[in-house]
Every structure is written in structure tokens, then in C-alpha cells.
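Okay, structure first, notes after.
Residue numbers (the working numbering), protein chains in the order written: chain A, 1 to 252; chain B, 1001 to 1573.
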């Protein structure tokens, strides 16, 4: 069985982001980019499933401009067997378009599990996994915090982190799983694996090859920073506090 | 000489065992403070009745070593202290032979002094509360504890100047204190010196976005400066594990080294100017912001590294390098020390201008970190490696730097220099690698008592000392070696469950003599402070020390600035 992992190249989690002067988006020039942390967790889970003997191959896929290949190389260095890069313009890759591309890739590769991060840290959409499951008509188990596979019955038992606690779901394979933070701790890319990764293939696809049209019906109008938190003031007496609460904050 | 060393030692042992665990005698206003993990004891009291029987018994004339400070009665062999203030302070673990007496020429604080300070600084900035004084009196390692009764927090250079002028006229000893993260006891009082804490002088005065020259007050915390500069595209030229607490004034006055010295050089090169306040209150304005200024003797270098003994630094002007976007970090394992050395040479040659840090730790250090710190995991699959190296590169081009680093590492691996390694793929992985190296001092503290040595040695010889110490101490202690391999700086740490004089005797003076024999420095970056105040002769010639003493006497004739430290007390008083 093959496992396909979708990974995204985003602004590094630890970077302090700034909004571009023209308010069209976040500044990404000269800023450190790396693999989305949830995608790392997804890839780590795929590798563990393969190491446990439930799968034979892990394929990492990513879509976007040429720099995505760096992120795919990291995925290969972690241990993925192959990678696929879908060449697409950076702008306009909203979740529905990504889901359509993933559907096309699933038709090509025919994996038993499609595993993704629950959301990307740049847009926080949390939509791609759910959309692609809908397009493929596959069962989905999102916000996974534990995944246990059953080979003969061809199903996966997944613990999901939901608002009320943990929910355990059983899904038939093939299925879509999206990963949450507590699923695992991703491994580091060690030198022997980095060396092996140099010879692993990265296949390139163009949008036309997959026959996907990514015209989007979403348009980002403006991006602004949240308002800066106002400094607190120290009041000199209880009376002044009551006065401010009443007349300025209008809470009493 | 030898004989009375032995007596004082037994005296101490006696007093330790009996005195502070059972302070029954109400006359014995003992302020002895010691625990099994602290190495410092103070026997401070009016009458030392416990000691009397001991001393009387011995019939030695212990005149030279223990004498009342404000004495009216000379010490006689049987009748010792007749109700006068007698202060014996013994640093018994740092060196069995060191005995310091409070300089009788220093005055003690009285209520007039307190009101004078309150007038200069305001009520809030004159601190006399037990709790706050307790923290300020104890150093980070909890090895040294002073008994100061007063801490002052000036808010400006003018206030520092007024304080010092007054203290100088009254002959009150002072201790300049910043973040109190020093490791040689230089930032805490020895006796009752007034603590002058610069924490309130923490404003950034100016920053030139083009040249990167930052001018700020001495009390700015290093981490705050780093974040300030970060949003403007610059970084501080120094970085150390203590950055969350240490202040730039302290860094400059101790000439702190840190993790990036191999790339940006020492503070002697990056500090462009200083403003310092001398012992008599004179404000010495050397706060230039020029890269080049060859007009006269460059006085700021005297203050950089003087550990607060020549003047209190109040403002700093420092050149900050631009923040480069591409930072890569690799955590590597080597099978022996020789490979680490060769790796350093190769790194300097092949990574060249992008190399920004080269640190090493041995397997003992890594084991301690994994055992005592939370949330730390070994980046490499568990295997018996002997040495670990952390290499950081900083450059302007992400992909070419990464390629360069990968090519260098793969080449080294194929050549057998590295047995395994991992490259950090994002910033959080990089900080976890750094956490391992920066967490070694903390892990050592948690493991029990630690004897710390900071030595500059020729790279080839560095680890030989660690191995010799292992043989010397055997199973009594865990000898750990780590440090800035790129600067030939070894941090030799000996971890024991408790402080033990027998172990100390095996360590000192052997470590210092070994270092001296190989023409190394007994204090690469930590400074001399109190711990090594009388050890300077291991690394500096007598003529040099003599000149230093003359300079100290010139700038601080009353010796009120950070007394008993840096230079041997016998020379300075």
C-alpha cells in the first residue's frame, strides 16, 4: 500500500511576520521558509506506518513555484521514498484548488491513505483535507492524535481531538487523515538520510498534465495587522479605578 | 605557612560542624550560612565562643589569620575575642588557603548614609528589604553569598555619579551589579558592600539604521536588545546562555565571550565607546560612535573586562552586525577528539566566511542534559558517540549556504570525521539543538555540586586535561568537558553530589598549574571575580600584575569599587 503525504512550504513558525506595505499580504521576501509543522507531523506518521510494515512506500507531494522542491527535499531527507512537485503559481492556490490537484494525483498514484496536516500555519484554513475527502468520496478522520491501522480489515482507528475531548473513529481504507499536534514528534533529518535523499526522484507535473483548472472564486481584498494592544495604566486609587471602569470602559 | 593553613582548616571544620547547625549560644550572633551544596561560610559574630576552646587548645598564635577588625585588644593565644566585632570569612571550598578579611578601612553604613541616598534616589530605589537583598546577595550558582544591607538602583548616570562620590568620601565599599549571572562571584558582595544595581538604567538611547551603531544604557538586558535589533534587521555581536537576564553593562565589564565570538570577535572590537563613572564620581565620557578614532590612548579598553573594579559602566555604544537571513545549524557526532579538531580546521576552510559558531560537548555533558532538562531529546539516534559538535552558519543566501553546509558535512562524513549528524530543518529544530548546548550549565547545577573552570588552551591539548582529571578523580566525580572549540575555550566542569574539600584538593591547583604549563589562560571568558582573585599569576607576569595594581590605585585610591576581587587582595590593599 502506498501512502501519499501532502506538504506545504510556509513561513517558518518561529519568524515574526510583517504585513506588506501595500496590505496585499504577508512579507515573504527574505524570510525563512520551512515545512508546515502539521505537515511534518503527517510525514512522520506516514514514515512510522511504513516502518511498522503497513505500507510499502511513502510519496511526498507539494504544489507551488520552484522553491517547493526545497521542502520536498527535506521530506525526502526525513525518509520519504519519492516526491512529486506540481508546478503552479504561488498566488491563487486556495484550499479548493489544492484539493482538486490532490484528487488528480490520487487518481495517478492510487494510495491507500492520504495524510495531511490539519491546517497550514499561514492561512489557518483547515479545509483542504475535508474538501479532498469530499471530492474523492473517501472517509475522513481529521485532527488525529492517534492512528492505529488494521491490515486485514483494511481500516484505521483514529483518535480525534475535538472540543469536548477525544473521539475515536473507525474509517475504512482508502481514507483521508489530517494530523494534529499531539500525534507524534517528527524526526530530525540525519546526514545518512540527507545523502540518500540526493538520489531519490522528484517527479514534476504541470497543471495541464493533471487537467486541473485552478481558477479561484476567492480574492484577498486586504491584509492588516491586528490592532496593537494598548498599554495599561496604573491607577492611583480605588475611586479612580471605579471612575474609569464606569466612564471610560463602560463595564459597570 | 603550611601549619596555620591546616589549623584554619580544622578550625573551620570544627566551626562548621558545631556552629551553624546548633546556634544555641545567644551571644553568638552567627550569620553563618551554609548548606551542603554551598561552598561558602561566613562566621560572623561578636564572640566566637565555640572557637575559643579550639584555639586555646592549640596554643598557636593565630595572629596573622584571624584578627578583630576594630580591635582594641591584640590577639593573645588564650584569650581571643573580647567582645569585639570579629569577622572571619572563609571561602573553604574554592581554595583551602584563601582567607579574606573585611578591609577595616571601609566604613559601615549608618542612618545618615541611608537618608542621603534616599535624597538622591528617592525612597523606592533604596532597598533594604530582606527578601530582595537576599537574592541580590547571592550569585547565580548559589556559591557565594554576601551580607550587604543596602541595594541602590540609580536611574541615570548622574545618580550613579552622586552615589559614588558620596561612597568615596565616606569610604563605603560598593559592588556594581547587573544581571548577577556571573560565574566567579564577581557580582555579589563579599561582606557588606553597598550593591549598586544598574537594572533601572535600561533605556535604548539611539540606533543608527545605516551603520548599525547602537547606543544604550548599561542596564539593558541582552535579550531585549536582541529583540529590539531583530525588528530592525540587526543582531547583537554576542550571544550567551544567560541572555535573558544578563545586562550589557555587565557583559562589557566582564568582556563576555559567548557563542558567536568565532564570527564577530570580542567586545574589545565591537564596543565603540563607553561612558563610565569613576570611584570619585567623575563621569568619563568616552561614548564615541566612530569606527575609527586614533586620538590618544584608547581608555575604554581598560574598562572592558575590568569587572567593575576600575569604574561603573553606565552607557555603551556598540557596533551591531546586520542580521543575515540564512542560518543553518548542524548537530554532529564524532568518535574522538582528534576528529573534532580536524573538523574545526576543515570547517574554517570550507565554510569560511559563513561559519558563525563551532561548539563541542562530550558524551558526559549530553547525558547530563538529557537526564536533567525537560523537553530535550537527542537529535541523533541513540548510539555510543563520544563527542558532539554544533556548527552554525550564517549567510545571506539560503540555498547556497545550505548546499555548502551539506556538501561540507557529507564530505566530512565520507572522510570519517563525522560518524553521524542531523541538520535542523526549521527554526524550532535549530533552537532545540542550541538548547542542548546552552543547557549544559543548567543541567550541571541540577545534578548537584559543580566545580567550574573556564580555560583557554591550545586546541590539541584541550581534551587531554579532561582525560587527566578523569584519571585523577576516578569514580568520585563526573568530569565533563564542553565549550567553544572554535575559540580554543574549554569549560571544564566537575560534577559531584556535594562539595567536598578532598575533591577540591585534587582539582586545584593542579588545573591551574596544568593550564599555566601549557601557556593557557585560567579564565578564558568568565573573568577572575572572587573565585580566582589570587590566581592571576598563573597566567600573567608579575610585572604586568604590578602595572595593573598601579592603575587600580590610580583610578580608585580608596579601593571602594568591587574590593577583594580581580587582583590579589594582598597587592591592592
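Quick reminder that beta carbons are idealized off the backbone N, C-alpha and C, glycines included.
Start and end residues, beta strand (DSSP E) containing residue i
i               : result
residue 1206(B) : 1204-1207
residue 1317(B) : 1312-1319
residue 1217(B) : 1213-1217
residue 1423(B) : 1420-1423
residue 1274(B) : 1271-1277
residue 1457(B) : Run containing residue 1457(B): none; DSSP gives neither H nor E here.
residue 62(A)   : 57-64
residue 1260(B) : Unbroken run through residue 1260(B): none, as it is neither H nor E.
residue 1303(B) : Here residue 1303(B) belongs to no beta strand (DSSP E); instead the alpha helix (DSSP H) covers 1300-1303.
residue 1548(B) : Not the beta strand (DSSP E): residue 1548(B) falls in the alpha helix (DSSP H), residues 1542-1555.
residue 206(A)  : 202-206
residue 85(A)   : 82-87
Reference residue i; option with closest CA among the options
i               : options                               : result
residue 1475(B) : 1494(B), 1390(B) and 1464(B)          : 1494(B)
residue 1337(B) : 1487(B), 1181(B), 1386(B) and 1203(B) : 1386(B)
residue 74(A)   : 220(A), 55(A), 44(A) and 51(A)        : 44(A)
residue 1323(B) : 1370(B), 1172(B), 1368(B) and 1226(B) : 1226(B)
residue 1101(B) : 1425(B), 1497(B), 1424(B) and 1192(B) : 1192(B)
residue 1403(B) : 191(A), 221(A), 37(A) and 147(A)      : 191(A)
residue 34(A)   : 71(A), 76(A), 48(A) and 20(A)         : 71(A)
residue 188(A)  : 1377(B), 1409(B) and 1543(B)          : 1377(B)
residue 1110(B) : 1104(B), 1401(B) and 1149(B)          : 1149(B)
residue 1320(B) : 1206(B), 1569(B), 1346(B) and 1159(B) : 1206(B)
residue 1233(B) : 8(A), 24(A) and 30(A)                 : 30(A)
residue 237(A)  : 245(A), 231(A) and 230(A)             : 245(A)
residue 1399(B) : 1315(B), 1368(B) and 1327(B)          : 1327(B)
residue 1104(B) : 1489(B), 1567(B) and 1172(B)          : 1172(B)
residue 1427(B) : 1421(B), 1435(B) and 1447(B)          : 1435(B)
residue 1382(B) : 1127(B), 1421(B) and 1567(B)          : 1421(B)
residue 1567(B) : 1488(B), 1388(B), 1307(B) and 1394(B) : 1307(B)
residue 193(A)  : 1235(B), 1264(B) and 1380(B)          : 1380(B)
Endpoints, alpha helix (DSSP H) assigned at residue i
i               : result
residue 164(A)  : From DSSP, residue 164(A) is part of no alpha helix (DSSP H); its letter is neither H nor E.
residue 42(A)   : 37-51
residue 962(B)  : Any property of residue 962(B) remains undetermined from this structure, which presents chain B solely from 1001 to 1573.
residue 1432(B) : 1427-1438
Beta-carbon contacts of residue i that lie in its chain and below 7 Å, excluding the five residues immediately before and after
i               : result
residue 1518(B) : 1457, 1458 and 1461
residue 142(A)  : 118, 129, 130, 160 and 178
residue 1239(B) : 1258, 1259 and 1260
residue 1220(B) : 1202, 1204, 1247 and 1248
residue 92(A)   : 214 and 216
residue 1339(B) : 1417
Status (buried if at least 16 other CB within 10 Å, exposed otherwise) for residue i
i               : result
residue 1491(B) : buried
residue 108(A)  : exposed
residue 1268(B) : exposed
residue 1198(B) : buried
residue 1060(B) : Residue placement at residue 1060(B) is poorly supported in this model, since its pLDDT is 38, which falls under 50; the coordinates still yield a value, given next. When all chains shown are included, residue 1060(B) counts as exposed.
residue 1538(B) : buried
residue 185(A)  : exposed
residue 1273(B) : buried
residue 1562(B) : buried
residue 1384(B) : exposed
residue 61(A)   : buried
residue 83(A)   : buried
Residues near residue i by beta carbon distance below 8 Å, same chain, minus five either side
i               : result
residue 1551(B) : 1302 and 1310
residue 1200(B) : 1125, 1153, 1154, 1155 and 1219
residue 111(A)  : 1, 2, 3, 4, 59 and 174
residue 1121(B) : 1152, 1153, 1154, 1155, 1159 and 1163
residue 1137(B) : 1145, 1146, 1147, 1148, 1188, 1189 and 1195
Proximal residues to residue i (C-beta, below 6 Å), its chain only, five neighbours per side dropped
i               : result
residue 1179(B) : 1245, 1246, 1247 and 1250
residue 50(A)   : 58
residue 200(A)  : 76
residue 254(A)  : Not covered by the structure: residue 254(A). The range shown for chain A is 1 to 252.
residue 1430(B) : 1329 and 1424
residue 20(A)   : 27
residue 1341(B) : 1459
Quick one: which unbroken alpha helix (DSSP H) runs of 4-plus residues sit fully inside the stretch 106-141 of chain A? Chain order, please. Assignment of alpha helix (DSSP H) within the stretch 106-141 of chain A, counting only whole runs of 4 or more residues, yields 128-136 in chain order.
Uninterrupted beta strand (DSSP E) stretches inside the stretch 1348-1389 of chain B (no shorter than 3 residues): Runs of beta strand (DSSP E) with 3 or more residues, each lying fully within the stretch 1348-1389 of chain B, are found at 1355-1362, listed in chain order.
Entirely enclosed beta strand (DSSP E) segments - the stretch 1485-1509 of chain B, minimum 3 residues: Taking only runs of at least 3 residues, the beta strand (DSSP E) segments lying wholly in the stretch 1485-1509 of chain B are 1489-1496.
Could you name the residues of the stretch 184-195 of chain A whose beta carbon sits closer than 8 Å to any beta carbon of chain E, in the order they occur along the chain? Absent here is chain E; the protein component of the structure consists of chains A and B.
Enumerate, from N- to C-terminal direction, the unbroken alpha helix (DSSP H) stretches of 4 or more residues contained entirely within the stretch 1096-1142 of chain B. 1111-1121 and 1130-1137
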